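Residues 815 to 919 in the numbering used here are what the sequence shown lists, from first letter to last. Notes follow the structure.
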Amino acid sequence: MRSALAYQPELFTEEPDVALTHARFNGRFDRMVEKVIVIPLYGRSSEFATIDDALRFLDGHSVYEGCGDFRKYEVLISFTNGDRVEGSFKDKTKVRDFLQFIAKQ
815 MRSALAYQPE LFTEEPDVAL THARFNGRFD RMVEKVIVIP LYGRSSEFAT IDDALRFLDG
875 HSVYEGCGDF RKYEVLISFT NGDRVEGSFK DKTKVRDFLQ FIAKQ
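Shown next, in the form of C-alpha cells:
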C-alpha cells in the first residue's frame with residue numbers, strides 16, 4: 815500500500831506547466847480594474863415601506879458632505895470583463911486591506 819504522503823517522482827517535472835502559466839498570465843489581462851469608487855457614509859439612515867415614500871424623502875433631502883456621524887465606507891470595484899465587487903467596511907484599515915487584496919489578484 816502506498817502512503818498518500820510518499821514521494822511520487824511522476825508528479826514532479828523539470829519543466830514548468832507552460833499551459834497553466836499561460837492561462838494565469840492571460841487571466842490577468844482578461845479582468846483588469848476599470849473603476850474604483852469609495853463612498854464614505856455619514857448620518858442616520860432612513861427606511862421606507864414604499865418607493866414613493868423614498869422618492870418623497872429624496873425630494874426634500876438636502877445633501878452636504880460629512881453631515882452626522884460616520885457610519886461606514888462603501889467600496890465598489892468594476893472590472894473590464896463586466897465583473898463587479900462591492901464591500902462595506904466600518905474601518906479605514908479594512909478598506910485598505912480589501913483594496914490591496916484586490917490589487918494583488
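The beta-carbon is built from N, C-alpha and C at its ideal position, and this holds for glycine as well. Computed from a prediction, not measured in an experiment: that's the story for all the values here.
In terms of alpha-carbon separation, which member of the options lies closest to residue i?
| i | options | result |
| --- | --- | --- |
| T907 | D883, R870, A868, Y887 | Y887 |
| V889 | L913, G857, D844 | L913 |
| S860 | V847, H875, M846 | H875 |
| S902 | I891, D866, R845 | I891 |
Assuming residue i is part of the alpha helix (DSSP H), what are its boundary residues?
| i | result |
| --- | --- |
| G874 | 865-874 |
| F915 | 906-918 |
Assuming residue i contacts residue j (C-beta within less than 8 Å), just tell me the rounded distance between them.
| i | j | result |
| --- | --- | --- |
| G882 | R910 | Actually they do not touch by this definition, with Cβ atoms about 24 Å apart. |
Do residue i and residue j have their C-beta atoms within less than 8 Å of each other?
| i | j | result |
| --- | --- | --- |
| Y856 | F884 | yes |
| D905 | R845 | no |
Quick one: give me the first and last residue of the beta strand (DSSP E) that residue i is part of.
| i | result |
| --- | --- |
| S901 | Note on identity: in this sequence residue 901 is Gly, with Ser being the wrong assignment. Looking at the DSSP string, the run of the beta strand (DSSP E) that includes G901 is 898-903. |
| V877 | V877 -> no beta strand (DSSP E), and no H or E assigned at all. |
| R845 | Where R845 is concerned, there is no enclosing beta strand (DSSP E), given that its DSSP letter is neither H nor E. |
| R858 | Looking at the DSSP string, R858 is not in any beta strand (DSSP E), and its letter there is neither H nor E. |
Whether or not the stretch 845-853 and the stretch 866-873 are in contact is what I'm after, with contact meaning three or more pairs of Cβ atoms, one per stretch, closer than 8 Å; do they touch? no
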